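Working notes, structure below.
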Amino acid sequence: MTPALPQASDILAALGQAVFAWDIGSDAIVWGDQVASVFPGIPAARLATGAEFAKLIEPAPSLRSAALAQTYAVHGADGTPYRVEYGVRMSAADPVIWIEETGRWFAGPDGRPVRAIGSVRINNERHARDEELTKLARLDPLTGELNRAHLIAALAEAIEETTRFRSTAAFMLVGIDHLARVNDAFGFDVADAVILDIAKRIRSRLRGGDVLGRFSGNKFGLILKNCTVDDMNIAAERFLAGIRDEVVPTKSGPVSVTASIGAVSVPRYARNTDEAVNRAHETLDAAKRRRAGSFAAWRPDAARDAQRRVNIRVTDEIVTALNERRIKLAYEPVVSVASRERAFHECLVRMDQGDGQVLLAPDIVPVAERLGLIRLVDHRVLELVVAELAAAPEICLSLNISPDTTMDPDWWAGIESLMQAHPGVAERL
Numbered sequence: 044m045t046p047a048l049p050q051a052s053d054i055l056a057a058l059g060q061a062v063f064a065w066d067i068g069s070d071a072i073v074w075g076d077q078v079a080s081v082f083p084g085i086p087a088a089r090l091a092t093g094a095e096f097a098k099l100i101e102p103a104p105s106l107r108s109a110a111l112a113q114t115y116a117v118h119g120a121d122g123t124p125y126r127v128e129y130g131v132r133m134s135a136a137d138p139v140i141w142i143e144e145t146g147r148w149f150a151g152p153d154g155r156p157v158r159a160i161g162s163v164r165i166n167n168e169r170h171a172r173d174e175e176l177t178k179l180a181r182l183d184p185l186t187g188e189l190n191r192a193h194l195i196a197a198l199a200e201a202i203e204e205t206t207r208f209r210s211t212a213a214f215m216l217v218g219i220d221h222l223a224r225v226n227d228a229f230g231f232d233v234a235d236a237v238i239l240d241i242a243k244r245i246r247s248r249l250r251g252g253d254v255l256g257r258f259s260g261n262k263f264g265l266i267l268k269n270c271t272v273d274d275m276n277i278a279a280e281r282f283l284a285g286i287r288d289e290v291v292p293t294k295s296g297p298v299s300v301t302a303s304i305g306a307v308s309v310p311r312y313a314r315n316t317d318e319a320v321n322r323a324h325e326t327l328d329a330a331k332r333r334r335a336g337s338f339a340a341w342r343p344d345a346a347r348d349a350q351r352r353v354n355i356r357v358t359d360e361i362v363t364a365l366n367e368r369r370i371k372l373a374y375e376p377v378v379s380v381a382s383r384e385r386a387f388h389e390c391l392v393r394m395d396q397g398d399g400q401v402l403l404a405p406d407i408v409p410v411a412e413r414l415g416l417i418r419l420v421d422h423r424v425l426e427l428v429v430a431e432l433a434a435a436p437e438i439c440l441s442l443n444i445s446p447d448t449t450m451d452p453d454w455w456a457g458i459e460s461l462m463q464a465h466p467g468v469a470e471r472l
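Quick note: the sequence shown uses the working numbering, first residue 44, plus one each step.
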């Protein structure tokens, strides 16, 4: 038996949809019979023109007009398709009805929209689902707070606000002390319980408008709005006390935890996110070096800034010298006490600066160690020494390496590889 096709109006009613025609020139909108089911409680007069309807729309009244303007005109009888989603309500006390509108608009001689036809339907469930997905993409899955990317975005907005409104804010990094020990002693699930509990404690001590996010594994980022330097110090102590004064209950028993905080005032001492994050990191490291569970705030320091500029310059010089093969060796003979004969040569590192000047080991090694470049220097010296031993079978050489380098497994793998490539060298090194 062939089913009878219901009237189009009955199908639309069953689907919760209403159709319309909008004459953009006169701004009049004509609705189908189902409009009351889509916009319950809204008087027909509020839907009769584009201007009146726009007053009900949020987050922006211009959303419908903008949807037409942002689609490229397709000239012809079929018009140009468009789709837009918006909220509708009569007053702030009413719930928002989320609407999906799809349709086609038709252009006049000048290419601009002159009329549109389409349909609207209630889209609350899909909107809620999309909002939840958006929320999940913004949040850290463990704590439910902002993830790092959205924390940094919120920080950028906060800095822009302080500049525009001539206000102050603070950015803090809260680092849980010795979380690795909790991992080792109790396991990752207990460490996660500690992280979650600390997030809740910080959240409960924030003011309205402040922002909390998970910056990294054991660090949280806080944005404190309208916060002076004095307020920042008071807030930091509030957070530290809230963390240290109570143990964290876990399935493995109570765990005692402390945290350290580094902070910077914005925009006074940081005018962008990079400066804010770097300076909060710097002061967090300083607080941890002082003692666990302490607080440090960033302050200008001419000597520190000068040293940083020197570090940048020297780092560039060392890396450039390595790339340009300007790391050289000097040979200092070592004599046997018994025979007074030369036993071997000690190889000392030198750096040719390219202008006739040569830096000695005391000028290079301490700086390279401090800047984390010593392993690169030691590896280059090893290559030079092995090449010299391979070229001169009669000599014996020694070289000095940093204690940091001895802890690097790649260093030992490099020695093994070079010794295998040059038989007879190991006995003379």
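Don't be surprised by glycine CBs; every beta carbon is placed ideally from N, CA and C.
No experiment lies behind these values; they were computed from the predicted model shown.
- Between A64 and V78 the beta-carbon gap is near 12 Å, outside 8 Å, which marks them as no contact.
- Taking the Cα positions, A180 is about 10 Å away from E174.
- Under the criterion of beta carbons closer than 8 Å, A284 and A340 do not qualify as touching, at roughly 17 Å.
- Of the residues D232, S445 and E128, the one whose Cα lies closest to the Cα of W141 is E128.
- For G75, there is no enclosing beta strand (DSSP E), as DSSP marks it with neither H nor E.
- With contact defined as three or more Cβ pairs closer than 8 Å, the stretch 195-210 and the stretch 277-295 are not in contact.
- Cα atoms of N366 and V217: separation of roughly 39 Å, rounded to the nearest angstrom.
- Considering only V353, I241, K262 and K268, the residue with the shortest C-alpha distance to D253 is K268.
- Annotation: R248 to D240 spans about 13 Å, alpha carbon to alpha carbon.
- Partner residues in the beta bridge of P124, as assigned by DSSP, are R147.
- Judged by DSSP secondary structure, E426 falls within the alpha helix (DSSP H) whose first and last residues are I417 to A434.
- Relative to the Cα of V468, the nearest Cα in the group A456, V429 and W455 belongs to V429.
- At a Cβ-Cβ threshold of 8 Å, L432 and V357 do not count as neighbours.
- Excluding its 5 nearest sequence neighbours in each direction, L461 has C-beta neighbours in its own chain below 8 Å: L425, E426, V429 and V468, listed in chain order.
- Shown here, G93 sits in a helix according to DSSP, grouped into three states.
- Exclusion of the five residues before and after L182 leaves E188, L189 and N190 as the residues of its chain whose Cβ lies within less than 7 Å of its Cβ.
- Annotated as proximal: L327 and S303, with beta-carbon spacing under 8 Å.
- A Cβ-Cβ separation of about 10 Å leaves C270 out of contact with A279 under the 8 Å criterion.
- Contact fails between the stretch 394-405 and the stretch 337-353, because fewer than three Cβ pairs, one in each stretch, are under 8 Å apart.
- For the pair D235 and T301, the CB atoms are not nearer than the 8 Å cut-off.
- E101 sits in a strand when the DSSP states are folded into three classes.
- Restricting attention to D406, P436, R393 and L403, the CA atom closest to the CA of R423 is found in R393.
- For F258, the enclosing beta strand (DSSP E) stretches over residues V254 to S259.
- L106 places its beta carbon 8 Å or farther from that of V131.
- The continuous alpha helix (DSSP H) containing D317 extends over residues T316 to R333.
- For the pair I72 and A51, the CB atoms are not nearer than the 8 Å cut-off.
- L440 sits close to F387, with the two beta carbons spaced by under 8 Å.
- In the DSSP assignment, P156 forms a beta bridge with A150.
- Rounded to the nearest whole angstrom, the C-alpha separation of L372 and D317 is 40 Å.
- Excluding its 5 nearest sequence neighbours in each direction, P104 has C-beta neighbours in its own chain below 8 Å: A97 and K98, listed in chain order.
- Closest by C-alpha distance to V410, out of V362, G161 and P184, is V362.
- Excluding residues up to 5 positions away in sequence, G305 and W341 lie with their Cβ nearer than 8 Å to the Cβ of E325 in the same chain.
- The three-state reading of DSSP puts S80 in helix, counting H, G and I together.
- Residue burial is scored here from C-beta neighbours: F231 has fewer than 16 other C-beta atoms within 10 angstroms and is therefore classed as exposed.
- The C-alpha of L198 is placed about 10 Å away from the C-alpha of A192.
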